[in-house]
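Presented below is the structure to which this report refers.
See the structure below:
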């Protein structure tokens, strides 16, 4: 964790635990439902496995996270102290929406976008059975261009290689356009009219697909005038 500030102030003592690089983003992922190491890595794709292991160990020593055996795997579960950080994470998100400027191109990550979106599928609106949606981001390097979201009645999974199921809808978009929709800065309708997003597939599914996904929990945060 962070080095000591040598102050008795509770804010300083809390930040000694929490201001290590990636620490609060790991807490963000844990409060969003990720519990296993690989799930955390998918929500933090630019964090090295070694540093993730180190930060999880530090959080466990601090009493913020508890390790639980789950067969051959380990679950990382927030303790009561860890869950009390949730409103702090949410408040940081609200402040970031309101007061942090435009995103740079280096901030746009298709893997993180699809990982966020897969947690916000309205399974009651998706057709029964297995539904596969392909996303092609036209403005990213070839190796990161194509992604697939496989949705069943109870779960959704993100794939970076074609899983081979029948395709329901093909979404072609600039990455920034999809992230703007996800963050509430644009809408599916505006992006479709403007040509930054295109949908290919049967008409009924093309009309339905925007309704299959709710937006980021922070999309409704009011921006400053």
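Numbering (my numbering), first residue to last: 1 to 225. For every residue, glycine included, the Cβ atom is placed at its ideal position computed from N, Cα and C. Predicted model only: the values in this text are computed from it and were never measured.
Asked, Found
"Per DSSP, cross-strand counterpart(s) of residue 198", "172"
"Among 58, 12, 76 and 139, nearest to residue 38 - alpha-carbon criterion", "76"
"Contact the region 177-185 vs the region 197-215: 3+ CB pairs below 8 Å", "yes"
"Helix, strand or coil at residue 73 [DSSP, three-state]", "strand"
"Inter-stretch contact at 8 Å, needing at least 3 Cβ pairs: the region 63-79 / the region 110-122", "no"
"Inter-residue Cα distance where the pair is residue 3 and residue 222", "36 Å"
"Given residue 200 as reference, the closest of 220, 224, 165 and 133 once Cα atoms are compared", "133"
"Residue range of the unbroken alpha helix (DSSP H) whose run includes residue 37", "37-43"
"Proximity to residue 16 [Cα-Cα], best of 26, 25, 174 and 5", "5"
"Secondary structure of residue 149, DSSP reduced to three states", "strand"
"Start and end residues, alpha helix (DSSP H) containing residue 156", "Where residue 156 is concerned, there is no enclosing alpha helix (DSSP H), although the beta strand (DSSP E) it sits in stretches over 156-159."
"Residue 131: first and last residue of the uninterrupted beta strand (DSSP E) it sits in", "131-137"
"Start-to-end residues for the alpha helix (DSSP H) that takes in residue 115", "110-118"
"Terminal residues of the alpha helix (DSSP H) in which residue 57 lies", "49-61"
"Local Cβ density within 10 Å of residue 95, reported as buried at 16 or more and exposed below that", "exposed"
"Per-residue burial, residue 99 [other beta carbons within 10 Å of its own, 16 or more giving buried]", "exposed"
"Short Cβ contact (9 Å threshold) for residue 218 with residue 97", "yes"
"Nearest-angstrom Cα separation, counted from residue 175 out to residue 140", "7 Å"
"Proximity winner among 162, 177, 28 and 9, relative to residue 91 (alpha-carbon distances)", "28"
"Continuous alpha helix (DSSP H) stretch holding residue 16: start and end", "10-18"
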